[in-house]
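**Student:** Note that this note's numbering has the sequence shown beginning at 722, numbered continuously upward.
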Amino acid sequence: MPADYHTHTPLCRHAEGEPEGFIDAAIAAGLSEYGISDHAPHVPEPFDDWRMTVAELPSYFQWIERARAHAAGRIPVRAGLECDWLEGAESWIVDLAGRHSWDYLIGSVHYLGDWDFDHPKWLGRWAESDVDAVWTRYWKAYASMADSGLFDILAHPDLVKKFAHIPPGDLDRFYEPAIDAIAASGSAIELNTAGWYKTCAEAYPSPRFLELACSAGIGLVISSDAHAPTEVGRDFSRAIGLAKAAGYRETLLFDQRQRNSEPLR
Ligand code: ZN
Ligand code: FE
Ligand code: FE
Ligand code: ZN
Numbered sequence: 722m723p724a725d726y727h728t729h730t731p732l733c734r735h736a737e738g739e740p741e742g743f744i745d746a747a748i749a750a751g752l753s754e755y756g757i758s759d760h761a762p763h764v765p766e767p768f769d770d771w772r773m774t775v776a777e778l779p780s781y782f783q784w785i786e787r788a789r790a791h792a793a794g795r796i797p798v799r800a801g802l803e804c805d806w807l808e809g810a811e812s813w814i815v816d817l818a819g820r821h822s823w824d825y826l827i828g829s830v831h832y833l834g835d836w837d838f839d840h841p842k843w844l845g846r847w848a849e850s851d852v853d854a855v856w857t858r859y860w861k862a863y864a865s866m867a868d869s870g871l872f873d874i875l876a877h878p879d880l881v882k883k884f885a886h887i888p889p890g891d892l893d894r895f896y897e898p899a900i901d902a903i904a905a906s907g908s909a910i911e912l913n914t915a916g917w918y919k920t921c922a923e924a925y926p927s928p929r930f931l932e933l934a935c936s937a938g939i940g941l942v943i944s945s946d947a948h949a950p951t952e953v954g955r956d957f958s959r960a961i962g963l964a965k966a967a968g969y970r971e972t973l974l975f976d977q978r979q980r981n982s983e984p985l986r
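(1) Does any heavy atom of ligand 2 sit closer than 7 Å to the C-beta of S758?
(2) Tell me which residues pass a beta-carbon proximity test against ligand 3: closer than 6 Å to any heavy atom, given in chain order.
(3) Provide the residue span of the beta strand (DSSP E) that contains L892, from first to last.
(4) What does a CB cutoff of less than 7 Å around I814 pick up in its chain, not counting 5 residues either side in sequence?
(5) On the DSSP letters alone, give me the boundaries of the alpha helix (DSSP H) that Q783 sits inside.
(6) Excluding sequence positions up to five away, which residues of its chain have a Cβ less than 6 Å from the Cβ of H948?
(7) Less than 7 Å between the CB of W771 and some heavy atom of ligand 1, yes or no?
(8) Output needed for D868: all residues of its chain with C-beta closer than 6 Å, excluding positions within five of it in sequence on either side, in chain order.
(9) Based on Cα-Cα distance, which residue from I744, P765, S945 and L985 lies nearest to D787?
(10) How many Å lie between L732 and Y781 at the Cα?
(11) Taking the beta strand (DSSP E) that A799 falls in, what are its first and last residues?
(12) Buried or exposed for T914, going by 16 or more other Cβ atoms inside 10 Å?
(13) Could you compute how far the alpha carbon of V830 sits from the alpha carbon of A862?
(14) Is DSSP giving T728 helix, strand or coil here?
(15) Please state whether DSSP places A947 in a helix, a strand or coil.
(16) With DSSP run on the structure shown, which of helix, strand or coil describes G887?
(17) Taking D745 as part of the beta strand (DSSP E), name the residues at either end of that continuous run.
(18) Tell me whether A937 counts as near ligand 2, meaning its Cβ is closer than 7 Å to at least one heavy atom of that ligand.
Given below as structure tokens:
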């Protein structure tokens with residue numbers, strides 16, 4: 722099985738489990754590598770209630786070390802972060818990038834302005850929103866995240882569909898500018914299996930987006946976005962089928978921010 726690089730720890734306050742449990746699950750799933758990428762701190766603090774604080778970074782490094790100790794000789798453990806892309810975040814991401822010998826950084830758009838639109842507390846706000854306008858704003862933010870060139874992997878490309886608010890008709894008008902920006906940046910994307918368990922009932926991104934991404938030469942990883950050991954490597958066989966149908970023949974590996982590839986089996 723491919724590596725699973727998008728996984729969380731209880732430091733983000735909405736995940737559960739011990740490092741040993743996550744590693745045992747990764748080994749049981751037959752993953753080639755396991756990566757930890759918890760929600761990065763963001764400044765100014767207090768920022769929100771679903772991430773570690775800057776003061777907790779040392780605890781995060783200890784968590785990774787515990788995972789590595791348990792995994793030793795059995796599976797490589799990579800160190801990453803899931804960073805939030807917001808207006809003006811560049812200098813903070815650069816700061817974070819220098820705080821550890823990361824294997825990769827993941828960039829995510831969870832915020833449009835001050836709205837963390839993928840949080841279930843906002844279902845009411847979604848109901849009152851112009852879906853087309855939200856999508857336009859989301860994809861613009863996603864393209865600017867790619868343009869920043871700060872991330873090795875760009876997370877859950879069409880997360881904006883999470884609660885199944887999707888504009889009617891052909892979605893290529895949203896996808897194409899984002900695909901162009903991602904291809905130009907050289908960043909990879911992930912096929913994130915968590916979407917199968919949300920209202921949208923579809924992995925992120927859609928099969929069409931994946932097909933466009935493959936044609937544009939954009940690299941791919943497969944991710945579970947596990948917030949508990951039972952979710953590690955979840956639905957990877959199904960995701961491999963989807964990636965192959967879109968034209969992919971390999972997924973990427975990251976070590977000290979250098980990339981390699983492994984064939985999709
Ligand atoms: Zn989370
Ligand atoms: Fe995310
Ligand atoms: Fe995540
Ligand atoms: Zn995520």
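Even for Gly, the Cβ is constructed at its ideal location relative to N, Cα and C.
**Tutor:** Quick look at the numbers:
(1) Not one heavy atom of ligand 2 sits closer than 7 Å to the Cβ of S758.
(2) So the residues near ligand 3 by this Cβ test are H727, H729, E803 and D946.
(3) It is not in any beta strand (DSSP E) - L892 carries neither H nor E in the DSSP assignment.
(4) For I814, the CB contacts under 7 Å within the same chain, skipping 5 residues up- and downstream, are C804 and L871 in chain order.
(5) For Q783, the enclosing alpha helix (DSSP H) starts and ends at L778 to A792.
(6) Excluding five sequence positions before and after H948, the CB atoms of its chain that fall closer than 6 Å to its own CB belong to H729 and A736, given in chain order.
(7) At least one heavy atom of ligand 1 is nearer than 7 Å to the Cβ of W771, so yes.
(8) Cβ-Cβ distances below 6 Å link D868 to A902 in the same chain, with the five nearest sequence neighbours on each side left out; the list follows chain order.
(9) The sequence given here places Arg at residue 787; Asp does not occur at that position. The option with the nearest alpha carbon to R787 is I744.
(10) Approximately 7 Å between the Cα atoms of the pair.
(11) The question names Ala, yet the displayed sequence has Arg at residue 799. Looking at the DSSP string, the run of the beta strand (DSSP E) that includes R799 is V798 to D805.
(12) Per the 10 Å Cβ criterion, buried.
(13) Looking at the two C-alpha atoms, the distance is approximately 7 Å.
(14) T728: strand per DSSP, three-state reduction.
(15) Looking at A947 - three-state DSSP - the assignment turns out to be strand.
(16) Residue identity check: residue 887 is Ile in the sequence provided, not Gly. Here I887 sits in coil by DSSP.
(17) No beta strand (DSSP E) holds D745; the alpha helix (DSSP H) holding it covers P740 to A749.
(18) Set against 7 Å, the gap from the CB of A937 to the closest heavy atom of ligand 2 is not smaller.
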